[in-house]
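Participant: Residue numbers (the numbering used here): 1078 to 1379.
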Amino acid sequence: MAKIAEGSRYQLLLSCPYGLSLSQVSVDFSKSHDRIQHPDHDLEDSIAQAWEQRTQGNSSLFNGQKFRFGSFCLYGDAGTNELPHVCLRLGLTDYRTFVGTNLSSQWEQFLLTSQDDCVRCRHTSSPLGNAAVIETSDQKIIVLRRSDNVGEFPGHYVFPGGHPEPMSVGIDSHQLEKDGDALNKKVTQEMFDSITREVVEETGIPASSLSTPLFIGISRRELNVRPAMFFFIKCSHHSDDIPRLYSSAEDAFESTQLHTVSLEELKTMTSRMPGCHHGGFALYELLLQRLKSTNETPLTST
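(1) What does residue 1140 pair with, by DSSP beta-bridge criteria?
(2) What is the DSSP secondary structure of residue 1193, counted as helix, strand or coil?
(3) Check whether the Cβ atoms of residue 1240 and residue 1168 sit closer than 7 Å, and answer yes or no.
(4) Secondary structure at residue 1301, three-state DSSP: helix, strand or coil?
(5) Looking at the structure shown, is residue 1145 part of a helix, part of a strand, or coil, going by DSSP?
(6) Taking the C-alpha atoms as reference points, what is the distance between residue 1265 and residue 1246?
(7) Would you check if there are 3 or more beta carbon pairs closer than 8 Å linking the region 1204 to 1215 to the region 1113 to 1133?
(8) How big is the Cα-Cα spacing for residue 1294 and residue 1361?
(9) Suppose you measure from the CA of residue 1039 to the CA of residue 1258; what does that come to, to the nearest Å?
(10) At the level of alpha carbons, what is the spacing between residue 1342 and residue 1326?
(11) Compute the beta-carbon to beta-carbon distance between residue 1204 and residue 1170, rounded to the nearest angstrom, for a pair I have assumed lies under 8 Å.
(12) Please find out if some non-hydrogen atom of the ligand ATP comes closer than 6 Å to the beta-carbon of residue 1128.
(13) Apply the 10 Å Cβ neighbour rule to residue 1129 and answer buried if 16 or more other Cβ atoms are within range, or exposed otherwise.
(14) Residue 1279 and residue 1231 look like a contact to me (Cβ under 8 Å); what is the Cβ gap, rounded to whole Å?
(15) In whole angstroms, what separates the C-alpha of residue 1174 from that of residue 1189?
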């Protein structure tokens, strides 16, 4: 049996093998889902120290705001007559706190012993990343090899993605929470808009060639408990067209290579993926299993 690298281990927090559209996802954005400071003052002070060390001599780093993953609530399921619906409970965090907690060499000290994932990670930044499993018209999957200059898992294979951005919907603090439902709808829309935006920027594929994203779940890598939400997207281009499009991608500098691979080839690459992306592959496999068992095709539209 092939040895699996420590960084590729994962936990599936939420699996949606039926694929959820925008109308089946909502967001509860609230300060109540923010990170809670650790009671150990020395450990808490280490966050500022870690950021100072990371930024020394690296002028490209800045402390951007991110959505923090708190928890979720799933309503309905495949075994009920009710259409499944997921509510994502999100707070606000920033890159500085991410570097000082999740990416710190002391990250395990920020965790609590609990079966409740929300409680276990209450002292970590836990910014919610995103990524997409993209199928070309000839059923190949798009995979990127990360640049050696990126902060996390340089040289590893990943699905295209990044983060939903608070600033994209005008959020820089919780002061806008008085807008209530309207703000939650904007944040929900950003969850879907951001993945299409990231795919376009990282691969060069135009948005008009991509189907509407379907949300398929959330995975968390075991190493530094990093969460990411995953989507399934169909691309109308043949795999032979993708390298040409990639050559003019806006954010191609974040990766060094683009691969279009078969399912079997993708399986061999998972041990060289960060855990959250390895988990994304597992979510995709669950989607394929459901489609096979029901003889369905994903309800996506271009």
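Idealized CB from N, CA, C, for every residue including glycine.
Facilitator: Let's see:
(1) DSSP lists no partner for residue 1140.
(2) coil
(3) no
(4) helix
(5) strand
(6) 10 Å
(7) no
(8) 9 Å
(9) Coverage of the chain is limited to positions 1078 through 1379, which leaves residue 1039 absent and any answer about it impossible.
(10) 24 Å
(11) 5 Å
(12) Among the components modelled here there is no ligand, and therefore nothing to report on the ligand ATP.
(13) exposed
(14) The pair is not a contact, with the Cβ atoms about 16 Å apart (cut-off 8 Å).
(15) 17 Å
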